[in-house]
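Numbering (this note's numbering), first residue to last: 3 to 434. From the three backbone atoms N, C-alpha and C, an ideal C-beta is built for every residue, glycine too. The structure appears below as C-alpha cells.
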Amino acid sequence: MSGAARLLSTSLTAGNDVPEVVGGDGVWFELASGQRVVDASNTAAPLGHGHPAIVEAIRRAATAPVVNEGWGWRERELAADDLAGIAFEGEDWVGAVRFFVSASEANDAALALCQALTGRAPLVTRERAYHGGAGLAREVTVQPQWHGGLSSASGVAPTPRLATVHELPAPTSARVTGHADPTAGNEWLVDARKALAESAAVILDYSQGGVYHSPAYQDRVATLAAEAGAYWIADETVTGFGRVGGWFQFQQGTARPDLVTLGKCMSAGGAAAGAVVLSTRVLDRLAGSSWQSYSTYRAHPVAMAAVRAHLATSSASKLYLRAKDLDAAMLTRMHEVARRHPSVARIDGRGLHWTVELSGPDWRTWQGGEANPIATQVAARALMAGALIATSGEQTSLFVAPPLIVSDAELDLIFDALHQGLELADELTSST
Ligand SMILES: Cc1ncc(COP(=O)(O)O)c(C=O)c1O
3 MSGAARLLST SLTAGNDVPE VVGGDGVWFE LASGQRVVDA SNTAAPLGHG
53 HPAIVEAIRR AATAPVVNEG WGWRERELAA DDLAGIAFEG EDWVGAVRFF
103 VSASEANDAA LALCQALTGR APLVTRERAY HGGAGLAREV TVQPQWHGGL
153 SSASGVAPTP RLATVHELPA PTSARVTGHA DPTAGNEWLV DARKALAESA
203 AVILDYSQGG VYHSPAYQDR VATLAAEAGA YWIADETVTG FGRVGGWFQF
253 QQGTARPDLV TLGKCMSAGG AAAGAVVLST RVLDRLAGSS WQSYSTYRAH
303 PVAMAAVRAH LATSSASKLY LRAKDLDAAM LTRMHEVARR HPSVARIDGR
353 GLHWTVELSG PDWRTWQGGE ANPIATQVAA RALMAGALIA TSGEQTSLFV
403 APPLIVSDAE LDLIFDALHQ GLELADELTS ST
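Here it is, written out as C-alpha cells:
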C-alpha cells in the first residue's frame, strides 16, 4: 500500500482528482501538475501565502523553548495585549483573552463556560450554523452532513447528540438575488424566547451556510438573550480580521457580545491558533473563581509570533479595511454572475466572503452522498480555468473568499473562472 493510500481524505474537494498543492506565494497556489491557480477560497490566509512578515516571525519563534500554558511566556501576554489593543481598539468592554489551538476548541470552551456560569445545559444557534467539529462546537454545527456523522448514497446517518440544541430560523435574505428574510416579522420570537430562557448561550456566526444576517438580526438576538439570562457568543472565526469589512462583523450592530471566539485567520496561516475574548461583564462573573481549562499546545510561541505579525501587518497597511472597500465592486460582479447564469439560485455575501448557491436540492432536505455533486463539477471546471473555488462537499454551494491582498486583476481571473464553471452548471441544470 502506498503512503498516500493511508490518508483518509475528507469530502471537501474540487473535483474527483484532488489537486495537489506543492507551493504558494501571494494569492497563488502552485499545483503538482505545474499549473498556477488563484486561491479564491481561503479564509485562513488573509495575507496570502508565504507573507514575509509571517515567515520571519515564525523563523524567530522556532528557537523558543517548549513552554505550555502553565508557564509564563511574555510573547503570549503581548499577543493578548495586541489583540485587545489593535483589533478591538475602542471596544472598551473587552476584559481578557485566552488563546486556544483552534476555533473549534475556543467555541467548545466558551460554550462550556456559559453552561458553568448559568447552570443551564441547552444551547442555541441558528439553522445552518457551522461552529467547528469538536465537543460542544460540533453540537452547534447543526447541518447533519457537517456534524461528523457518516454520509453515503443512502443519506446521512445522524450521530447521537451531546447537548440539547435549539435552532433559531436562518435569516436567509440575500443581497444579490433579493430573497425575503423569514425572520423579518415577529412570528419566530415566541419560540426564540422560550429556547433562550432555558439555555446557557446563543452562538451566532456571520457567514456559514451562506447566511449573512443583518446587524438588526444580531441586535435582536442579543437583546432576547440578555432578557433571558443567556450569554451571547459572537463567532468571528471567518468574519474577523477584515474578511467582510472592518476588524469584526459584530461592530456593524449596536449590541456588544459577552464573548467573541476567533481562529482560522488569526495567525494568517502561520500556525494553529484560536481565542476566546471575554467581556468585562463575564470577567466580573468570574471574580473569585478560576476558569479551569488547559491544553498543551495552546498559545504556542510560533502561533503567538504569527498572531502578532498578522495584527501588526494588517493594521500598518490597513488591510483589514480592504474587503470593506471592495464590497461595492464585489456586489456588482455578483449581480453580473446572477444575471448571466440561470443555474444560480441565490447569492449572498459581504466584503470578500460570498456564497453562490446553485439551483438543486434545498439545504433543508439535502442528505449528501451524491457521487459527483454539481458544485464539485463547477469547482473542477473553475480550477481548469485557473481559480481554486471551494465547495463544502454539498450539491449546490460555492464559496468565493480570496486572500485580502487579492488585486483587481486577480479578481478578474477569479470571476472569469467562476463564469466558466457556472456555464457548465447552466448546461447541466438545463438538461435535467
Ligand atoms: C464560523 C466558524 N466557526 C468555527 C469554525 C471551526 O474552525 P476550525 O475548524 O479551524 O476549528 C469554523 C470553520 O470553518 C467556522 O467557519
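With burial defined as no fewer than 16 other Cβ atoms inside 10 Å of the residue's Cβ, what is the status of residue i: buried or exposed?
{"i": "E359", "result": "buried"}
{"i": "N109", "result": "buried"}
{"i": "E412", "result": "buried"}
{"i": "R300", "result": "buried"}
{"i": "G74", "result": "exposed"}
{"i": "T241", "result": "buried"}
{"i": "K320", "result": "exposed"}
{"i": "G72", "result": "exposed"}
{"i": "G212", "result": "buried"}
{"i": "T185", "result": "buried"}
{"i": "D84", "result": "buried"}
{"i": "V24", "result": "exposed"}
{"i": "M3", "result": "Here the model assigns M3 a pLDDT of 37, short of 50, so the residue's position is not dependable, and the following value carries that caveat. That one is exposed."}
{"i": "S433", "result": "exposed"}
{"i": "L10", "result": "exposed"}
For residue i, which residues of its own chain have a beta-carbon under 7 angstroms away from its beta-carbon, when the five flanking residues on both sides are left out?
{"i": "S295", "result": "A111"}
{"i": "A176", "result": "R348, I349, D350"}
{"i": "R325", "result": "Inspection of the sequence shows that residue 325 is occupied by Ala rather than by Arg. Cβ within range, chain order: G244, R245, V246, G247, G353, L354, L406."}
{"i": "G137", "result": "D110"}
Nearest to residue i by alpha carbon, out of the options?
{"i": "A224", "options": "A236, Y214, V213", "result": "A236"}
{"i": "H133", "options": "P405, M386, G26, T239", "result": "T239"}
{"i": "H421", "options": "A98, R352, G25, V339", "result": "V339"}
{"i": "W356", "options": "G87, L328, D364, P363", "result": "L328"}
{"i": "R258", "options": "G26, E93, G187, S316", "result": "E93"}
{"i": "T174", "options": "V29, D286, A131", "result": "A131"}
{"i": "F102", "options": "T298, R140, L170, D414", "result": "T298"}
{"i": "T179", "options": "A403, M336, R352, G135", "result": "M336"}
{"i": "T315", "options": "S11, L10, I407", "result": "I407"}
{"i": "R287", "options": "A139, A325, G248, L115", "result": "L115"}
{"i": "V68", "options": "G271, A136, V304, S43", "result": "V304"}
{"i": "L191", "options": "R128, V402, A136, L313", "result": "R128"}
{"i": "S201", "options": "G52, E229, I349", "result": "E229"}
{"i": "S106", "options": "A318, A232, F90, V142", "result": "V142"}
{"i": "M268", "options": "S317, A172, P48", "result": "P48"}
Can you find the residues in the same chain that come closer than 6 angstroms, C-beta to C-beta, to residue i, ignoring five residues on each side of it along the sequence?
{"i": "M306", "result": "E77, R78, A81"}
{"i": "H343", "result": "L424, D428"}
{"i": "A311", "result": "A55, I56, A59"}
{"i": "P217", "result": "Q254, G255"}
{"i": "R38", "result": "W30, E32"}
{"i": "Q220", "result": "G255"}
{"i": "H168", "result": "V126, A197"}
{"i": "R100", "result": "V278"}
{"i": "A34", "result": "E22, V24"}
{"i": "S43", "result": "I391, A392, F401, A403"}
Along the beta strand (DSSP E) that carries residue i, what are the first and last residues, could you check?
{"i": "R258", "result": "That residue, R258, is in no beta strand (DSSP E); it is neither H nor E in DSSP."}
{"i": "E32", "result": "30–33"}
{"i": "S295", "result": "Counting along the chain, S295 falls outside any beta strand (DSSP E), and DSSP gives it neither H nor E."}
{"i": "S11", "result": "Looking at the DSSP string, S11 is not in any beta strand (DSSP E), and its letter there is neither H nor E."}
{"i": "H355", "result": "355–360"}
{"i": "S106", "result": "Premise fails: S106 lies in the alpha helix (DSSP H), 105–120, not in any beta strand (DSSP E)."}
{"i": "L280", "result": "276–281"}
{"i": "I349", "result": "346–352"}
{"i": "R130", "result": "Looking at the DSSP string, R130 is not in any beta strand (DSSP E), and its letter there is neither H nor E."}
{"i": "A203", "result": "203–207"}
{"i": "V24", "result": "23–27"}
So the alpha helix (DSSP H) residue i belongs to, where does it begin and stop?
{"i": "I56", "result": "54–63"}
{"i": "E425", "result": "410–432"}
{"i": "Y219", "result": "217–230"}
{"i": "L138", "result": "137–141"}
{"i": "S316", "result": "303–319"}
{"i": "L170", "result": "It is not in any alpha helix (DSSP H) - L170 instead sits in the beta strand (DSSP E) that spans 167–170."}
{"i": "D183", "result": "Segment: none, D183 is in no alpha helix (DSSP H) and carries neither H nor E."}
{"i": "V380", "result": "376–386"}
{"i": "L333", "result": "324–342"}
{"i": "R78", "result": "76–84"}
{"i": "V240", "result": "Per DSSP, V240 belongs to no alpha helix (DSSP H) and is neither H nor E."}
Ignore the nearest five residues each way along the sequence and tell me which others in residue i's own chain have a CB closer than 8 angstroms to its CB.
{"i": "S292", "result": "none"}
{"i": "G5", "result": "Unreliable placement is indicated for G5, whose pLDDT of 46 sits below 50; no coordinate value is reported for it."}
{"i": "L426", "result": "Q379, V380, R383"}
{"i": "P445", "result": "Within the shown structure, residues of the chain are numbered from 3 to 434, placing residue 445 beyond reach of any answer."}
{"i": "S28", "result": "A small fix is needed here, since residue 28 is Gly in this sequence, not Ser. Correct list, in chain order: G50, H51, G52, P405, I407."}
{"i": "L430", "result": "S345, I376, Q379"}
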